[in-house]
Amino acid sequence: MSLKGASALKLLNKHEIRILVAIEVGMKTSQFIDIETIAKYSGYNQGKIEHWLKNCHKLNLVHRWSGHFTGYELTIHGYDLLALNALYEKGVIKSIGRERGVGKESRIFYALNNNDQEVLLKLHRVGFTSFHQVKKKRRYTANKHHISELYSSRLSAESEVKWLKIANEMNLPVPTYFDYNRHIIVMELIEGIDLVKVKNLDEPVEILENIVLFIKNAWSKANFVHGDLSEYNILLKSENLHPIIIDFPQSVDRSEKNANELLMRDIKNIISFFDRKYKLNTDINEIYNYVTN
Ligand SMILES: Nc1ncnc2c1ncn2[C@@H]1O[C@H](COP(=O)(O)OP(=O)(O)OP(=O)(O)O)[C@@H](O)[C@H]1O
Ligand SMILES: [Mg+2]
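Everything in the sequence shown is counted per this note's numbering, starting at 2 for the first residue and increasing by one.
Okay, here's the thing in structure tokens:
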């Protein structure tokens, strides 16, 4: 599936983009932004704004609400557009390719950076799981949750950026972080396969050991716990089958009160996957002690 915000970006002029930014600024304080406010933030006159807004509305970048006044808010496509535009302008990426997959809380795309290297874009999508349903319902409920969805998506991305950077600094086996804007992260594309999709492994114990070593180093050297570790968030590099750990928005600092619980859960998830699929018989407490000592 293509990305609406990306295709719309090619159709907008700089005034329309500025109007979207004005709406975004307005959304910090209210849900729907009226034309006067857009005029205030963009510096354009109302007639022109109405004309440009029509185009944005047609492209599904804004949502119009009519109640005791008429107001606008950004849709996730408008938000995608602003983030992508910023990444283009900054020279971080120059084009977007096909979609790699849809996660529970993200969409993943290939992209090219300015050196023509393939990179990976992760667009965070928090609260959009049953997007179409929600959207339908929203028309009637005056769209109560929309701001928080864009905002939550950005917070989720920011959390992931934070832990990715720390993991990079500590040389943990994770994708290299390149940049981010709003809810979109640009990172290294790992050529490999999801652990969960691998049919069989010749050396499962060695791979398990490497994953456990990641958990240990994250915990004891980088002071955090992944918090959502499972066979779904591990890639095996094609070249050497080394595990690369992904998906960090749920990570937490060791000092958080639920950190220990999350650590145990991560360990259990991984161990039970390997025990089940590769008929191992791992002692969880032994692993837990190894990780925490
Ligand atoms: N850096 C990367 N290189 C290659 N593939 C990646 C990378 N990051 C993510 N992917 C792919 O995209 C999928 C989803 O990414 P991720 O797990 O980070 O997001 P998610 O929203 O949590 O998805 P899910 O809900 O499926 O776990 C991964 O399972 C993996 O196949
Ligand atoms: Mg995941």
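Yeah, the Cβ is synthetic: ideal placement off N, Cα and C, and Gly gets one too.
Given the structure is predicted, the values throughout are model-derived calculations rather than measurements.
Limits of the unbroken beta strand (DSSP E) element including residue i
i    : result
D248 : It is not in any beta strand (DSSP E) - D248 carries neither H nor E in the DSSP assignment.
N46  : Careful: N46 lies outside any beta strand (DSSP E) and carries neither H nor E.
V26  : It is not in any beta strand (DSSP E) - V26 instead sits in the alpha helix (DSSP H) that spans K15 to G27.
K238 : I235 to K238
G193 : G193 to D195
Own chain, CB closer than 8 Å to residue i, minus 5 neighbours either side, in chain order
i    : result
I185 : D81, A84, L85, L88, L122, K123, L124, H125 and A158
V26  : Y42
S98  : Reading off the sequence shown, one finds Gly at residue 98, where the question assumed Ser. Around G98: F110, Y111, A112, L113 and E119.
V213 : I268, I271, I288, Y291 and V292
G92  : N115
S160 : F249, P250, Q251 and S252
N234 : H227, I246, I247 and D248
Length of the line joining the Cα atoms of residue i and residue j
i    : j    : result
L21  : Q118 : 30 Å
Q251 : K15  : 36 Å
Q32  : L13  : 23 Å
S8   : R108 : 16 Å
F215 : V292 : 9 Å
G102 : K200 : 20 Å
S96  : M188 : 14 Å
I247 : P176 : 7 Å
N224 : L190 : 25 Å
N261 : W164 : 17 Å
E150 : N294 : 40 Å
R155 : K29  : 13 Å
E44  : F179 : Checking the sequence shown, residue 44 turns out to be Gly, not Glu. Looking at the two C-alpha atoms, the distance is approximately 34 Å.
T283 : K198 : 22 Å
W53  : E90  : 21 Å
R277 : E100 : 31 Å
L263 : R255 : 10 Å
D195 : K55  : 43 Å
Segment limits, alpha helix (DSSP H) that includes residue i
i    : result
E257 : Note, E257: premise wrong, no alpha helix (DSSP H); not H, not E.
Y42  : I36 to S43
A112 : Per DSSP, A112 belongs to no alpha helix (DSSP H); it is in the beta strand (DSSP E), S107 to L113.
F215 : P205 to S221
N282 : It is not in any alpha helix (DSSP H) - N282 carries neither H nor E in the DSSP assignment.
S8   : K5 to L10
Paired residues, beta bridge with residue i - DSSP
i    : result
W66  : G72
E100 : F110
L88  : According to DSSP, which records beta bridges pairwise, L88 is partnered with nothing at all.
M188 : L121 and Y178
F225 : D254
Nonlocal neighbours in the same chain, by C-beta distance under 6 Å from residue i, ignoring five residues either side
i    : result
H78  : K5, G6, N61 and L62
L281 : F275
N211 : P244
S153 : V127 and G128
W66  : F33 and G72
7 Å CB neighbourhood of residue i in its chain, flanking five on each side removed
i    : result
Y279 : L202 and P205
S3   : none
A40  : N46, Q47 and I50
M265 : Y289
I24  : I34, I39, V63, Y73, E74 and L75
H58  : R65
- At a cut of 8 Å, does the stretch 215-231 reach the stretch 177-191 through at least three beta carbon pairs? no
- Task: Mind the definition here: the stretch 64-75 touches the stretch 33-45 only if three or more C-beta pairs lie below 8 Å; say whether that holds.
- Result: yes
- Task: Take every Cβ of the stretch 171-182, pair it with every Cβ of the stretch 205-222, and state whether three or more of those distances are shorter than 8 Å.
- Result: yes
- Query: For the stretch 201-212 against the stretch 239-250, are there 3 or more C-beta pairs whose distance is under 8 Å?
  - Reply: yes
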